[in-house]
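**Q** Dropping a structure here in structure tokens format, bear with me for questions.
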Amino acid sequence: MVNPLYILAIGLGGAFLLGLLPNRQRSLAYAITLACLAGMAGIAASWLYAFALQGAPAMEVFTAGTQPPFAINFRIGLAESTLALLTLLVGLHSALFMRKTLITQGRRAMAVLLIFMMALCGVIFTRDLFNLFVFMELCVIATAGLVLLSTDQRALGAGLKYLIVSQLVSILLLVGIVFLYHSTGALNIDTMAALSVNALPGGAMAFFLVFIAVLAELKPFPANGWGLDIYESAHPAFSAIFSTATGGATLYAADKLLQLGGDTWLPVVTVIGIVTFIAANIFALAQRNDRRLLGYSSVGQIGLLLSVVGQRDLLGDAYYYIAGGLLLAHAVSKAGLFWLSGLVAQRELTAWAALRSQPVMVFAFATLLALLLGLPPFPGFYAKWDLAQQLAANDKLWLLGLILFGTLLEATYLLRWFGYTIKRDADEQGLVWQSGKADVVFSAVMAAWLLAYLWGYLSGHGNLLHAIPLLFALAFLPLEWLPAKLKNVLAIGGLLAWFYFNYPDYDPLKLIFAAVMLPGGALILLASFQHGKRRLGFYPAAMLMFAGLAMLINAHTSFDFFAAWELLTMGSYFLILRGKHSEPHALSYLVFSLGGAFLIMAGFAIAAQGAPEFPLTALAEVATAYAPWVFVLLAIGFMTKTAAVGVHIWLPGAHAEAETDVSPMVSGILLKAGLFGLFMLLITMGKQQLYGVELTHVLLWIGALSALIGNLIAIFQEDAKRLLAYSSIGQMGYAVFGLALMNHLGWLMALMFVINHYIYKSMLFLSVGGVAKRTGTRLMYRMGGLITLMPLSFIAVLVGIIAMSGVPPLSGFGGRWVLYNAIMTTEQRLPMVIIFLAGPIAFLYLFRLIHTVFLGQMKDELRKVREAPFWIVLPQMIFVAFLLAFALVPGLLLRRVDTYMNQFFAGSGGLDWTGLTITSDFGYWSPVQIMIIIAVIFVTLFLWLLFVNRKAQKVKQFNIVFAAERPYRPETTHFAWDFFAPYRRALGFLTVPVFERFWAAVAEFLHALADTLRRFYTGNGQTYAIHVLGFVIIVYLLMMGDQP
Amino acid sequence: MIRNFAVLLLLLGLAGIFIHLMQGYIPATELNQSAHYYAAHSAEDLGAANIVTAIIVTYRGLDTLGEVTVLFLAATIIGMVLANGHKAQRSLQRQLPPSGELLTTASRLLTPLILLFGAYVFVNGHLTPGGGFQGGAILASAALLLLLTDPLKRFSHRLIAVVESLSGLLFIAIGVLGMVLAGGFLDSRILPTGAFGTLFSAGSIPLIYSLIGLKVGAEFTSMLNNLAETEKS
Amino acid sequence: MNTLLLVIALLLAAAMLGAAWVSIRVHRVATAMLAAGLVSLFASVMFLLLAAPDVAMTEAAIGSGLTTFLFFFVLGRVRGGRDD
Amino acid sequence: MMDWIAMTTGFILILMGLYGALTHRNILRIIVSFTLANTGVNLVLVSVGYMLGRTAPILDKAVPMAEAVTRIIDPLPQALVLTAIVIGLGITAMMLTYAYKLYEAKGSLDIASYRELKW
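Residue numbers (our numbering), protein chains in the order written: chain G, 125 to 1168; chain H, 145 to 377; chain S, 4 to 87; chain F, 218 to 336.
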């Protein structure tokens, strides 16, 4: 292997050589710089190859022909070579990115850059404490020099602040080093480590100084104002180095020091790290400048890494996999994002909307954000999963909770930023497109996917990038240039093919979910045929969601389940975000979903107790000490997806604002993922008690209240899509209620809801979407009399609401019938009453859909409206046919499930399926008979109506006298305006948006907190130095309090 | 002021840390393992009478390389920062009254002497106190003297840069030679250790220290020179 | 002999602290710089007493000499850079 | 005794220097104060290596090679201090350059006037 000193020699030699060049030959100087960086990176790459693929042992390198501790030595192992390669590659790419700046500034700037990279490598390699100090000082000075490459005048101030702080740090460091030397008689880290420093006289104190000084370089809260200023004002390519390479190298130095100090220092690191992580992410919430935001995020990520470093004793062998995964994810994404920010002209977050002029940049941005957030399939995902497992197994739930909370905050501001990029107005000159710089960004994107593959390969859980559904979804990215119709064919084909090939493996329960999600998805995708052109971004997002759903059903281990869950969450987020006004709603959907996902992750982690693989079936065997907690976490997690009351506030906006063909997907299909999870949970864990409370009873209540409140709010909606969205909350409430009954009929009912809700909600969303498309509004009082203009839509809505409201003869009645049968079996009277109450309420809002939209007076401006487009009507008609069929022979699907369920509720309360009649303990239901009876009644009534009205006179619409006045708000005079006002007066108190207010208050509080606390970064360099000193003293006092 | 009071309070805390450190400090009566090794071996192995020099140039030569690089870096950055936008103002520089005859003559006379002294200090670094850094500083003081007597005097950037870079490159080259010919990077035993206590002894230590001296001198000069050039009218 | 050295050391320490005090408290920047240089100079004598001739030389040449000159170079270029 | 005096003086110098650096608003004064603190650090470093009754780590006729182990003081801290002094100069020079550039840009040396970046 090549001696690491050659890296130093190349870096330094290159820098000195540049000094020999005449100032004019700048291109030559630039070429030399690149060659040196590439050479250094090549050496690091050759080591990585040797260590990773050939299993070479770590290399010790001595200088001066003398053994350590008497001379300085280096050590190169897998970690060192990886970090060095990362550092040098980031440096090389930043040099490519800064080409113009470097050439303008001349050879001196290039020499400084080379020395900086060399010094960073030195920090990584060296095993000598004082040598570490020297390299760190080199980094400091080089940083102070490179900050000045920025065109931003303010960088000057930032550089000075940095120098002031590092003076303070180096004073502490030097004093610490010499006292540590005095205690141990050596400067070699390994020699010192062997002596157990803390026991030596003065050793602990000296180590404290050294360690705290190195930590201070890692920008811990609150001593990090200087770092943020540099991020904000420096050249973005330098910030990329400063965030990733400097951060990584210094972190590794801290890691080395910890080997010296021993495990007693780990808790300190953990606390400092996690406090920094949380604080930085809270502050970032209030940030509007992109680079400062990235700075906060960098600070936070390093904090997270520190807290992982603090767990090195727990993590054992997994330490490098986890810490490395997080570090590389942070490094590549942060470097990429900083580079990307160099292409955006303005510094406001909203200015990133300019990326849309190059869709491929949006892809780059999304990749980098996903990498940063640790979403599947990127390394951070595997790392966080493993970390969660270890933390839960070692009773460090508080840390896990804080990490997840911080990650959620991070996701909030990063994806809000993504939302701006997708939805805000773009400035035409906003993107400074330079292909050289763009290539640098893309190399980061490539690296991101490479790392994703590598971490999947190394993971003990299998490689997500080998999952066919995910690959299928990703394959739509390179196919984006195809016309939308062709992609739609591919998508439908893919869904059906996957269903076909997996059909034999589904058990009846999974079959129902799979049928709803896959062929069901294909059916809704028919509506997407109406879109022309390319429809950029739709198919990758939609297929990502479907991939997640497909994988969710096939999941056998907790890891697979969670990965699928995250995938479908992300896919649906991108999908929802496409809606015209959906930016805030998509964000709130995502925040709730991710929050729920994190609860699920925590639940699984607690359940597994450190087992490397945790099959879902093993949930049944979780020790009783944790089982209720696992149950609670998982149940809440799943119920955020089903939008149970309390965590439902994301749903109305997200579903209502989505595109016409997306609403049915996210409503009809996506919600079922939560039900699937609940099924899985209840099948395995069954009834659980927490502090004597039967948890399924709690679920019962939640279900009942969701049903009531969802329906109640729905009746007061003026917006047709919102009405449907609220009704979904109610419907999911029914399903949860059914599940929570924990008996045969209850589950059967829940399953019927799975199918029915899919059908009629998809259908209604499509027809209402079609109407909205034609009329240009979703407000019902603006419509009216559309029955003659849009007859097919009318039929769909009519059939849909009949099915949904549970009146005979359609399948909704079957659902109700099973429901009432099921309810009778419970002892919980009060929730039962509530559920009963919710039923008629549903009818009130459904009635409005028909009455206000299709009947009544036709609006003048809607006189020329045509029927909804063919492709939107087609699936509706298929649904109608299906509803009729399902109403006639519900046994077709449910029978197998019914027998399947016998294994869970042995023998009791099943249904009897003989012929076309279904019999329960309470009575029987014969769909065909009912259908015939209803038909007879209907026909009789209809004929009677015709007879009674035979002399009626047709009145033209305008054959009335108008009063000659024009009200201030004309819509208030419309009969359909605030239709249920009397009910509102009576029941309005139930619809007070308490939960909306609660969550809004939480968000408000966090933002206000961020806005107040960040003022603590006054911008004064001296104050920052005082912060650093204060940080040192506080940690000192806390530790003294801890160990007198 | 509140701020001063807060600083005072924090420094009181720092003083507490220092007192804590001093409490743990037990003056050594014997040399510790590292120092013992240096005392016992450096003269024998490396042939350097000045053990500090042996440590600086050989045992911890990497630190010294870093140290030289710090100066190089500082000089380079100062050059980079100050070079921007000052060239054009050269002609505007104010006319200073000429320095006194005495001063000029004295400086002309003194400069070679100072240079010689500087060279003496770094060449003898392995034998007597002093070495490259001190010698380099002395070299730079000669330049300083010239700058002071004649504020408009400018040194050739080119010359400084060449000295700076060449000595740096040679330093690295010797270091790498140590890796090839002897036990490791910067091993000074690529040259014979010679007779103990003589000028041409201690392997490559005098050579390296001389290079350091030249480089440090050049770097200091370059810093001073660049700062001097900033003078505006 | 030993006591003499001690006395000298104490005197030096007092002188250093005094000069440092001046450097911090004095109104004029130039005086502060000079006082700091003086502290450095005293320190180099102290180093001699501490049997560190190499350090003493370096401190004298670099710490008190060059640094002070650098200060004055810059001070001369920031006109009006008084205590504001 | 000697080392105690030097060490205490060093520590006090560090504290005084830091006090100056953290309370003066003039950037030049801050830098001057930091050099004071650096001098203090150097004193502390050297005093840690000091041993009573021993001589400088230079071998000559007074201190022959064979007696070195019992006659000389610890040379390593001295080597460290040399490095530290030079690095200190480098950083001081950098800060001075910054001070000059800042002054050039804004005509002020008050550190409180460079607060455009905050929060």
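The beta-carbon is built from N, C-alpha and C at its ideal position, and this holds for glycine as well.
1) Spell out whether any CB of chain H is found under 9 Å from the CB atom of GLY580(G).
2) What does the alpha-carbon distance come out to for the pair LEU236(H) and ALA227(H)?
3) Taking only three categories from DSSP, how would you classify TRP522(G)?
4) Taking Cβ positions only, does GLY274(H) come closer than 9 Å to chain S?
5) I'd like to know if THR358(F) contacts chain H, where contact means its C-beta is closer than 9 Å to some C-beta of that chain.
6) Give me the Cα-Cα distance between ALA179(F) and LEU239(F), rounded to the nearest whole angstrom.
7) Along chain G, which residues have their Cβ under 9 Å away from the Cβ of VAL306(H)?
8) Where does MET268(F) fall in DSSP's three states?
9) Expressed to the nearest angstrom, what Euclidean distance is found between the alpha-carbon atoms of LEU155(H) and ILE288(G)?
10) Residues of the segment 70 to 82 of chain S with a CB closer than 9 Å to any CB of chain H: list them in chain order, please.
11) Short of 8 Å in beta carbon distance, which residues of its chain neighbour LEU158(H), apart from the five on each side in sequence? Order them along the chain.
12) Determine whether the Cβ of GLY324(F) lies closer than 9 Å to any Cβ atom of chain G.
13) According to a CB-to-CB cut-off of less than 9 Å, which residues of the segment 297 to 311 of chain G neighbour chain H?
14) For MET367(H) and chain S, any beta-carbon pair shorter than 9 Å?
15) How big is the Cα-Cα spacing for LEU1070(G) and GLY656(G)?
16) Are three or more beta carbon pairs between the segment 193 to 209 of chain H and the segment 191 to 201 of chain G nearer than 8 Å?
17) Between the Cα of TRP389(G) and the Cα atoms of LEU333(G), ASN413(G), LEU202(G) and PHE937(G), which residue gives the shortest distance?
18) Inspect the beta-carbon positions of GLY319(H) and ALA133(G) and report whether they are closer than 9 Å.
19) Please state the DSSP three-state secondary structure of ASN243(F).
20) How would you call MET145(H), buried or exposed, if buried means at least 16 neighbouring beta carbons within 10 angstroms?
21) If the cut is a Cβ gap below 8 Å, which residues of chain F does THR34(S) touch?
22) Rounded to the nearest angstrom, what separates TRP509(G) and ILE760(G) at their Cα positions?
23) Given that MET60(S) touches chain H, what residues does it touch there, using C-beta distances under 7 Å?
24) Does the distance from the CB of ASP549(G) to the CB of VAL468(G) come in under 9 Å?
25) Cβ of GLU386(H) less than 9 Å from any chain F Cβ?
26) Indicate the three-state DSSP secondary structure (helix, strand or coil) for GLU745(G) in the structure shown.
27) Mapping the DSSP letters down to three states, classify MET183(G) as helix, strand or coil.
28) Can you list, in chain order, the residues of its chain with a C-beta nearer than 7 Å to that of GLN278(H)? Leave out the 5 residues immediately preceding and following it.
29) Based on DSSP bridge pairs, tell me the residues matched to ASP843(G).
30) Taking only beta-carbon positions, decide if LEU52(S) is within less than 9 Å of chain F.
31) According to the neighbour-count rule (16 or more other Cβ atoms, all chains shown, within 10 Å of its Cβ), is LEU519(G) buried or exposed?
32) Taking all protein chains shown into account, do 16 or more other C-beta atoms lie within 10 angstroms of the C-beta of PRO664(G), making it buried, or fewer, making it exposed?
33) Quick check: the segment 952 to 966 of chain G against the segment 808 to 825 of chain G, are at least 3 beta-carbon pairs closer than 8 Å?
34) In this structure, does DSSP put LEU288(H) in helix, strand or coil?
35) In angstroms with no decimal places, state the Cα-to-Cα distance between SER26(S) and PRO128(G).
36) Flag GLY307(F) as yes if its beta-carbon sits less than 9 Å from any beta-carbon of chain G, otherwise no.
**A** Based on what the coordinates show:
1) no
2) Note that LEU236(H) scores 44 on pLDDT, short of 50, meaning its location in the model is unreliable and no value can be drawn from it.
3) helix
4) yes
5) In the structure as shown, chain F starts at 218 and stops at 336, and residue 358(F) therefore has no counterpart that could be examined.
6) Beyond the ends of chain F as shown, which are 218 and 336, falls residue 179(F); an answer cannot be given.
7) GLY143 and LEU144
8) coil
9) 16 Å
10) PHE72, LEU73, PHE76, VAL77, GLY79 and ARG80
11) none
12) no
13) VAL299, GLY300, PHE303, TYR305, HIS306, SER307, THR308, GLY309, ALA310 and LEU311
14) yes
15) 45 Å
16) yes
17) LEU333(G)
18) yes
19) strand
20) exposed
21) Those within 8 Å of THR34(S) in chain F number zero; the least Cβ separation is about 10 Å.
22) 19 Å
23) PRO273, GLY274 and GLN278
24) no
25) Because chain H in this structure spans residues 145 to 377, residue 386(H) falls outside the shown range and cannot be described.
26) helix
27) strand
28) VAL265
29) LEU903(G)
30) yes
31) With the sequence shown as reference, residue 519(G) is identified as Asp, and Leu is not the correct amino acid for it. Looking at its Cβ environment, which holds fewer than 16 other Cβ atoms inside 10 Å, ASP519(G) is exposed.
32) buried
33) yes
34) helix
35) 45 Å
36) yes
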